[in-house]
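First residue of the sequence shown: 317, per my numbering; consecutive thereafter.
Here a beta-carbon is modelled for each residue, glycine too, at the ideal position from N, C-alpha and C.
Values in this document were obtained by computation on a predicted structure and should not be read as measured data.
Read the structure below first, then the notes.
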Amino acid sequence: MPDDALGLAMLDRFRGCLRAPCVYRDGAEVGDANNYEHYLVPSEEWPESKWEFLDSLRTPVLDVGCGAGQHALAVQERGDVVAFDVSPNAVRTARERGVEIAFVGDMFDPAVESGRFETILAIGTQIGLAGSLDGLADLLASFDELTTSTGELVVDSYDPNRIDPEQFFGYRPDSRPGLARRQFHVEYGDLRGPDLDFLLVSPERLREVAADAGLDVADVTYSNPESSYYRARLR
């Protein structure tokens, strides 16, 4: 049974009692999991662009894979947010930070009411865990069932066409255009998280998959002109 390594590292870092480095491991390769930078930077240190993005999300919001709850905390100041994560310790962290509604749940079988949300927020590249293009289409369609008639999905990925394989941790090539994979697991002290296998899709391939799910990609935004990381809004 895999350990909740990443979630416990979040909780310990938030409580100020980090016990060991939290790292990504891919075979003999080790990389910093950037636990604090990804999940725990205080909102007063965020760039203006992050606030603009979060302010653009219409409520109620379903925060899928909420981690330590940074997005939920910001959005709940102005509207309803329901947050969940597969990691029990991530959810504990989110609750201790002040997220009002946070529970342990699986994005492939979310225990939430259909047709309720204006925004499904799935930021953290977790949609790649669908594993295949068909699986991704099914996941997006299941998210869409949770939205209102005017709702949208906000998701993210890495564009394989922009990735430098030598610099991208856990990279695996794919012979198909616009696709790649990323594989690693998280270690925290003697704890070992589950093996993660992400499908990475270019915006063009995401548009094809979204169409199969009855959705349009309305907007694609890269974090900067040279970055492979992007967010997309689907409606």
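Comparing alpha-carbon positions, the option among LEU495, ALA496, LEU507, SER473 lying closest to ALA548 turns out to be SER473.
Per DSSP, reduced to three states, the secondary structure at THR537 is strand. Looking at TYR352, GLU368, PHE419, the one whose alpha-carbon comes closest to that of ASP328 is TYR352.
No Cβ-Cβ contact shorter than 7 angstroms links ILE443 with VAL397. Put simply, the backbone Cα of ILE479 is about 6 angstroms away from that of SER544. Annotation: the continuous alpha helix (DSSP H) that includes GLU364 extends over 364-371. Distance from the CA of ASP532 to the CA of LEU550, rounded to the nearest whole angstrom, comes to 5 angstroms.
Runs of the beta strand (DSSP E) lying entirely within the stretch 390-423, each at least 3 residues long, are 397-401, 418-420 in chain order.
Under a 10 Å Cβ-count criterion, ARG492 is classified as exposed, with fewer than 16 other Cβ atoms of the shown protein chains found around its own Cβ.
Residue pairing of TYR546 in beta bridges, as defined by DSSP: SER473, TYR538. For GLY451, DSSP assigns no beta-bridge partner whatsoever.
If the five residues before and after GLU520 are omitted, its C-beta is found closer than 6 angstroms to the C-beta atoms of GLY494, all from its own chain and listed in chain order.
If the five residues before and after ASN405 are omitted, its C-beta is found closer than 7 angstroms to the C-beta atoms of ASP320, GLY323, LEU324, MET326, LEU327, all from its own chain and listed in chain order. If you draw a straight line from the Cα of SER359 to the Cα of GLU368, it is about 12 angstroms long. Assignment of PRO489 by DSSP, reduced to helix, strand and coil, places it in the strand class. For a cut-off of 8 angstroms, the C-beta gap from THR375 to ARG394 is around 7 angstroms, short enough to register as a contact.
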